[in-house]
Each structure stands twice: as structure tokens, then as C-alpha cells.
Amino acid sequence: KPGNSFDFKAYVTTPNGRIDERMENDTLEQQITSVSLSSLPVSENFDTGTTSPFASGVSIFNSNDDRYLFERTTRVSGFGVGTAAMMMDNYDADSDINGTLDALITPAFDFSGVSNAVLTFDVAYTSFQDATNFYTDSLLVIISTDCGSRFNQVVYRNGGPTLHTAPTTDQAFIPTSTEWRTETINLSGFDGQSDVAIAIVNKSGWGNRLYIDNINVETSCD
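Counted from 1, the sequence shown has number 145 at position 121 by the numbering used here; the numbering is strictly sequential.
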């Protein structure tokens with residue numbers, strides 16, 4: 025409930041469809057204080073405000089309290105529209121980031137009277153590849169329906185070539201205005217729930233930079 029503290033806990037299995045070689049870092053957990061329920065629609069383009077939580081209530085979660093986390097950048101924006109986006113720097117980080125989970129977390133929403141809820145966001149990403157190495161990262165969307173006690177319902181999972189919006193590179197990825205894609209995730213399975221929170225999670229494979237912009241939670245038109 026609003027103002028209460030709860031544990032953010034998320035976990036993944038078979039990353040990118042492969043056997044996980046580091047199962048000890050598959051779960052992240054940290055205590056967070058919830059905020060008041062937000063009404064729909066909610067939109068966050070990260071253009072205003074510079075610190076977490078942002079105007080919409082979206083907050084940054086850093087799984088292991090290291091210096092690598094989602095950061096606001098004014099260097100790019102979704103499709104070149106706007107002035108900022110969020111960036112997870114899997115590229116410049118050292119190898120200790122491999123396997124860690126970091127997230128953008130929405131405030132809790134009341135879906136009690138909602139029909140056909142939908143989440144959209146813009147993403148830009150490519151893997152790291154040189155003559156001998158290929159490193160890739162994963163993106164997940166995980167839902168909580170119990171006041172944030174558990175984020176355990178994965179509704180989106182993508183990584184590697186199917187996540188790419190641009191060709192692979194051995195340089196730090198900086199997307200052009202055409203190297204973005206809008207993801208649309210049907211949340212109608214959560215219609216009627218009284219407390220729905222959403223985590224957009226980066227699982228690092230020590231690959232390349234991943235960008236998120238224009239997060240929207242709303243009811244669909246159909």
C-alpha cells in the first residue's frame with residue numbers, strides 16, 4: 025500500500041534461451057518504499073526532471089548498489105523526438121556487471137476499472153561484436169500485483185539479435201533517430217487488479233548500451 029516498504033524481488037531463468045552459467049546472480053532483491061497509486065494514462069519521456077523518481081513516478085532500481093545503473097542522457101531520445109532518454113551502459117562497465125539486473129520501475133496502478141491495459145515504450149539496442157567476441161544483453165518486463173511484494177510475472181523477454189534495432193558494433197552504441205523500435209505489451213491479463221507495478225529490467229551480459237524512452241501505460245482504443 026502507499027507509503028509502505030516492500031522488497032523488490034525479480035528473477036530470470038534460461039537467459040536468451042541458454043543455460044545460465046552464473047545462477048547465483050539470477051535474483052535481485054531490495055527494499056523500496058511504495059508511492060500512492062497512479063491513475064491512467066501515465067506517460068514518461070524523461071525530458072523534464074533529472075533525478076529519480078521522475079515526474080510520472082518512474083524510479084531507477086540498482087540491484088547491487090554499484091555505479092552501473094540506468095542513467096538519464098540528453099545525447100539521444102526516442103526516434104529523435106524530445107530531449108532525453110534513459111541509458112544502461114553495459115558497454116563501458118567492467119566485467120562485474122555481467123549477469124546483474126537493473127530496472128526502471130513504474131508506480132503502482134489501480135487497474136480495478138480498467139479494460140485492455142497496455143504498456144508501450146521505445147527501445148534502442150545492439151550487441152557488442154568484434155572479430156572474436158559477441159556479448160549481448162537482455163530486456164525483460166516483470167509485473168507485480170501484490171503491492172510490490174514480488175515482481176514475478178514476466179510478460180516480455182528479449183535479447184540478442186531479436187532485441188537489436190541496429191547492426192552490431194565493437195563501439196559504444198549511440199542510436200540514430202531511425203535506430204529505435206516501439207514495443208507494445210498487452211497487459212489486459214491484469215485488468216481488474218488493484219495494485220499493478222511494472223519493472224522494465226536490463227540483464228547485463230556485458231554487451232552494449234541499451235536505451236529506453238517514452239514509457240506509456242494506458243488503456244487501448246479497441
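For each residue, glycine too, the CB sits at the ideal point set by N, CA and C.
- Taken in chain order, the complete alpha helix (DSSP H) segments of 4 or more residues contained in the segment 138–163 number zero; there are none.
- When the Cα atoms are used, alanine 109 and asparagine 210 turn out to be separated by approximately 23 Å.
- By the Cβ-count criterion, aspartate 146 is buried, with 16 or more other Cβ atoms from all chains shown falling within 10 Å of its own Cβ.
- The segment 196–206 and the segment 70–88 do not touch, with fewer than three beta-carbon pairs separated by less than 8 Å.
- When rounded, the separation of the alpha-carbon atoms in alanine 127 and isoleucine 239 is 13 Å.
- For phenylalanine 175, the number of other beta carbons within 10 angstroms of its own is at least 16, and it is reported as buried.
- Counting only runs of 3+ residues, the beta strand (DSSP E) found wholly inside the segment 85–127 occupies 95–97 and 109–113, in chain order.
- In this structure, the beta-carbon distance from tyrosine 159 to arginine 233 does not fall below 9 Å.
- A residue is called buried when at least 16 other Cβ atoms come within 10 angstroms of its Cβ; glycine 104 does not meet this threshold and is exposed.
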